[in-house]
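Residue numbers (my numbering): 2 to 381.
Beta carbons: idealized from backbone N, C-alpha and C, even for Gly.
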Amino acid sequence: MATFPLYTTSFRGLGQVTERELRDRFSANLTELSSCRVRDYDLTCFTFSGIPDELFELGTIEDLFYQVSALPLSGETTDLEALKVHFQDAPIDAGLNLHRRHTARHDRKRTTFRVVVQARDTSWRHYRRVDMQKAMVQAISRRFPRWRVVDDNADLEFWLQQADRALLLGLRLSDRELRHRTYKVANIPGSLRPTIAHALVYLAGVQDGQVFLDPMCGAGTLLLERARAARHHLLVGGDFNLKAVAQAAENFGPRHRPRGILRWDATHLPLPDACVDRVAANLPWGNQHGSPETNPALYADTVAELNRVLKPGGRAVFLTSEFSLLRDALKKQPDLYLAEQLRKVGVLGREADIFVVGKKGGEAEGRIPKDAPAPPLPPG
Ligand SMILES: C[S@@+](CC[C@H](N)C(=O)[O-])C[C@H]1O[C@@H](n2cnc3c(N)ncnc32)[C@H](O)[C@@H]1O
Numbered sequence: 002m003a004t005f006p007l008y009t010t011s012f013r014g015l016g017q018v019t020e021r022e023l024r025d026r027f028s029a030n031l032t033e034l035s036s037c038r039v040r041d042y043d044l045t046c047f048t049f050s051g052i053p054d055e056l057f058e059l060g061t062i063e064d065l066f067y068q069v070s071a072l073p074l075s076g077e078t079t080d081l082e083a084l085k086v087h088f089q090d091a092p093i094d095a096g097l098n099l100h101r102r103h104t105a106r107h108d109r110k111r112t113t114f115r116v117v118v119q120a121r122d123t124s125w126r127h128y129r130r131v132d133m134q135k136a137m138v139q140a141i142s143r144r145f146p147r148w149r150v151v152d153d154n155a156d157l158e159f160w161l162q163q164a165d166r167a168l169l170l171g172l173r174l175s176d177r178e179l180r181h182r183t184y185k186v187a188n189i190p191g192s193l194r195p196t197i198a199h200a201l202v203y204l205a206g207v208q209d210g211q212v213f214l215d216p217m218c219g220a221g222t223l224l225l226e227r228a229r230a231a232r233h234h235l236l237v238g239g240d241f242n243l244k245a246v247a248q249a250a251e252n253f254g255p256r257h258r259p260r261g262i263l264r265w266d267a268t269h270l271p272l273p274d275a276c277v278d279r280v281a282a283n284l285p286w287g288n289q290h291g292s293p294e295t296n297p298a299l300y301a302d303t304v305a306e307l308n309r310v311l312k313p314g315g316r317a318v319f320l321t322s323e324f325s326l327l328r329d330a331l332k333k334q335p336d337l338y339l340a341e342q343l344r345k346v347g348v349l350g351r352e353a354d355i356f357v358v359g360k361k362g363g364e365a366e367g368r369i370p371k372d373a374p375a376p377p378l379p380p381g
């Protein structure tokens, strides 16, 4: 069976979720799994045996790369010459074939390419990022003289990513659709990136046939990621901002029923007790949608309300940087316990933690029988 050296990128702090996603779905195909950090991204490297088509379905990754090579760096300018020499014989055909398999054929006469460099400035490296980029463009042009370098919209993208004193050279196999999805037609400030939303949904441990709630759904990203992850019994979400409710409905379009998206106050949900299996929420934090004066009461009242609607054995996942507010709110609910905390996830230039909270009790981890009726939805 063919094997491919590959790596994925995920937002900083989410590499560990990507690793779990990989092991869950592809444990039989993976060897040599390792990870490193490059600027604001976690890289997960592995060898994949078999055709890696389904890797494009991983929800927490920003991109998938074919790993052309990994080179040690000394920091001296001789690294640049070594990069050029190395690339002349680097194994790349399998990567080009994978790329062809996953991208629409271009009708240009000459293949175009560009080189992206991700490297932090360091004192030990005596050359700049732009020097690395130039060296790589020269190396590619020497090996493939018919190819043409462009600034944007290239057929092929080669990425140089510096992790400590090593340089990873990759061919990007995915395009922007992988990370941005196709459903997001309406966007609002503070709207969650789909890959982060997917990580929350994944950590909630969703299964077919559950009732899923986002009490502060904004543009609906979490609900939509839940809809893609597994079959649902009911998706229910709301927001007190009418515009957000309209945008969530627009992003859903006619898909993913049954579902209800309502205007509501998350501290007084129009839902019966113990009717929800899983909750995920991007709570107001930082300067998003909340304020230091109102957030303490909002957190306490929302968590109390979620405790009321969660089934015993259910789970709730929160994204926030208001650690003490959430912890204080949880302390007031003895039925709830903190199962896991993922620290320092990079969210558009800021940092927040992911809290996985369980509700005590329940026999089958909040799973509901297939024929159980969905909770009644209030009119909205
Ligand atoms: C950080 S944003 C969540 C964004 C959303 N996850 C997305 O991807 O678009 C917080 C949301 O909570 C909503 N919100 C704040 N307080 C609320 C409350 N008491 N009830 C319902 N929604 C509330 C805001 O209107 C805002 O849309």
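Under 7 Å Cβ to Cβ from residue i, same chain only, skipping five residues before and after it: list those, please.
i      : result
Leu174 : Leu65, Phe66, Tyr67, Leu99, His100 and His103
Trp125 : Gly76
Thr79  : none
Asp372 : Reliability fails at Asp372, whose pLDDT of 49 lies under 50, so the model's placement of it is uncertain and no value is given.
Asp176 : Thr104
Asp132 : Leu81
Check this for me: beta carbons of residue i and residue j, under 8 Å apart or not?
i      : j      : result
Ala231 : Val207 : yes
Leu201 : Leu320 : yes
Pro195 : Glu226 : yes
Ala10  : Leu44  : In the sequence under discussion, the amino acid at residue 10 is Thr, which differs from the Ala named in the question. It is a contact, given that the beta carbons lie within the stated cut-off.
Arg344 : Gly14  : yes
Gln334 : Ala305 : yes
Leu74  : Arg166 : yes
Val39  : Gln119 : yes
Leu84  : Pro53  : no
Leu34  : Glu22  : no
Arg264 : Leu243 : yes
Ala1   : Pro216 : Absent from the structure is residue 1, since the part of the chain shown begins at 2 and ends at 381.
Ile189 : Ala155 : no
Leu172 : Ile93  : yes
Ala353 : Val346 : yes
Ser142 : Val151 : no
If you drop the 5 nearest sequence neighbours on each side, which residues of the same chain put their C-beta closer than 8 Å to that of residue i?
i      : result
Phe27  : Phe49, Glu55 and Leu56
Cys276 : Val212, Val310, Lys312 and Pro376
Arg147 : Arg111 and Thr112
Val18  : Ser11, Thr61, Ala200, Tyr203, Leu204 and Leu343
Ala91  : Val69, Ser70 and Leu170
Ala95  : Ala3, Phe5 and Tyr67
Going by Cα to Cα distance, which pick from the options is closest to residue i?
i      : options                           : result
Gly76  : Thr303, Gly171 and His127         : His127
Thr222 : Asp209, Asp165 and Ala247         : Ala247
Asn308 : Ser325, Ala330, Glu294 and Ser322 : Ala330
Val186 : Asn252, Lys135 and Leu339         : Asn252
Leu224 : Lys244, Cys46 and Ile262          : Ile262
Ala220 : Ser35, His233, Phe145 and Leu193  : Leu193
Leu326 : Phe145, Glu20, Trp286 and Leu172  : Trp286
Thr295 : Val280, Ala281, Arg279 and Glu323 : Glu323
Pro255 : Leu169, Asp176 and Tyr184         : Tyr184
Val348 : Phe47, Arg24, Glu63 and Cys46     : Glu63
Leu72  : Asp132, Ala301, Leu339 and Leu168 : Leu168
His234 : Arg109, Gly210 and Ala249         : Gly210
Phe145 : Gly238, Gln89 and Glu178          : Gln89
Ala228 : Ala249, Glu178 and Gly291         : Ala249
Val280 : His257, Pro271, His269 and Gly238 : Gly238
Thr268 : Ala136, Gly291 and Ala298         : Ala298
Leu270 : Thr303, Ile141 and Met2           : Thr303
Glu58  : Arg182, Lys332 and Tyr338         : Arg182
Pro136 : Gly16, Thr123, Val86 and Arg149   : The sequence shown places Ala at residue 136, rather than the Pro named in the question. Nearest C-alpha to Ala136: Val86.
Excluding five sequence neighbours on each side, which residues of the same chain lie with their C-beta closer than 6 Å to the C-beta of residue i?
i      : result
Gly60  : His199
Leu284 : Phe319 and Thr321
Cys37  : Leu44 and Ala164
Thr32  : Thr48
Any heavy atom of ligand 1 inside 7 Å of the beta-carbon of residue i?
i      : result
Leu311 : no
Cys218 : yes
Pro297 : no
Trp148 : no
Phe12  : no
Ile93  : no
Ala275 : no
Ser192 : yes
Ala330 : no
Asn355 : Here residue 355 is Ile; the residue named in the question, Asn, does not match the sequence. No.
Pro293 : no
Ile262 : no
Asn308 : no
Phe253 : no
Pro285 : yes
Trp265 : yes
Ile141 : no
Between residue i and chain D, is there a C-beta pair that is closer than 8 Å?
i      : result
Met217 : Absent from the structure is chain D; it holds one protein chain and no more.
Hey, would you say the C-beta of residue i is under 7 Å away from at least one heavy atom of ligand 3?
i      : result
Ala245 : In terms of ligand content, the structure shown lacks ligand 3 and carries ligand 1 instead.
Stretch pair the segment 157-165 + the segment 109-121: three plus CB contacts closer than 8 Å: Yes: the two stretches touch, three or more of their Cβ pairs being nearer than 8 Å.
Would the segment 347-360 count as touching the segment 316-333 if we require 3 or more Cβ pairs under 8 Å? With a cut-off of 8 Å, the segment 316-333 and the segment 347-360 count as touching, because enough Cβ pairs lie within range.
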